[in-house]
Amino acid sequence: MAWGKLNPCYQDAVAIRKAVFINEEGIDPKDELDGTDEDKMHYVGYVDDQPVTTARIDMLAGNRVKIQRVATVASARHHGYAGQLIKQIIGDAQRSDVAHIELDAQLPAIAFYQELGFEPVGEPFEEAGIQHRTMRYKAAH
958 MAWGKLNPCY QDAVAIRKAV FINEEGIDPK DELDGTDEDK MHYVGYVDDQ
1008 PVTTARIDML AGNRVKIQRV ATVASARHHG YAGQLIKQII GDAQRSDVAH
1058 IELDAQLPAI AFYQELGFEP VGEPFEEAGI QHRTMRYKAA H
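Start counting the sequence shown at 958; every next residue gets the next number (the numbering used here).
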């Protein structure tokens, strides 16, 4: 993990995000690379020194964190890498006494996040042409 954009971790994170969100899902690069990466923490999971999964963290007011841009390259899906990364993020947040952990999940990913302890809140909404739903980690203190 690393803050901001001036590190190899960030470059690996962006490569994964471009492959998944821009190339696979067709999200506009201006929406995906939204200009806010400098103020975020970037996590990347590696297998055999190759970047395979990523997420970024936004520190919000009220001692909350928002997990964003969770992605895994196609060749590494269904191995549990994203789940391991999310568990690491949850652990890091809890050790930092974060009050709430939340994310906006694409609707097909809701069950994945529920297995990790997140609960949907509110109504579905559209972001970058894709339906999402806000979720909160229920065990956060």
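Don't be surprised by glycine CBs; every beta carbon is placed ideally from N, CA and C.
What are the start and end residues of the alpha helix (DSSP H) that includes valine 971? 965 to 974
Where does phenylalanine 978 land, buried or exposed, given buried means 16+ other C-beta within 10 angstroms? buried
Buried/exposed call for arginine 1026, threshold 16 Cβ in 10 Å: buried
I'd like to check one pair, lysine 1023 with leucine 1060: are the Cβ atoms closer than 9 Å? yes
Extract the residue ranges of the alpha helix (DSSP H) inside the region 964 to 1038, only unbroken runs of 4 or more that lie entirely within it. 965 to 974 and 986 to 989
Name the DSSP bridge partner or partners of glutamate 1083? Gln1088
Take phenylalanine 1082 as the anchor and find which of Tyr1094, Asn964 and Ala1062 has the nearest alpha-carbon. Ala1062
Name the two residues that bound the continuous alpha helix (DSSP H) containing alanine 1056. It is not in any alpha helix (DSSP H) - alanine 1056 carries neither H nor E in the DSSP assignment.
So what does glutamine 1041 bridge to, in DSSP terms? In the DSSP output, where bridge partners are listed per residue, glutamine 1041 has none listed.
Is the separation between the beta-carbon of arginine 1034 and that of isoleucine 1067 shorter than 9 Å? no
Could you check the C-alpha separation between aspartate 996 and arginine 1021 for me, to the nearest Å? 15 Å
Taking just the CA atoms, how far does tyrosine 967 sit from aspartate 1100? Nothing can be reported for residue 1100: it is not among the residues displayed for the chain, which extend from 958 to 1098.
Alanine 1066: first and last residue of the uninterrupted alpha helix (DSSP H) it sits in: First-last for alanine 1066: undefined, no H or E at that position.
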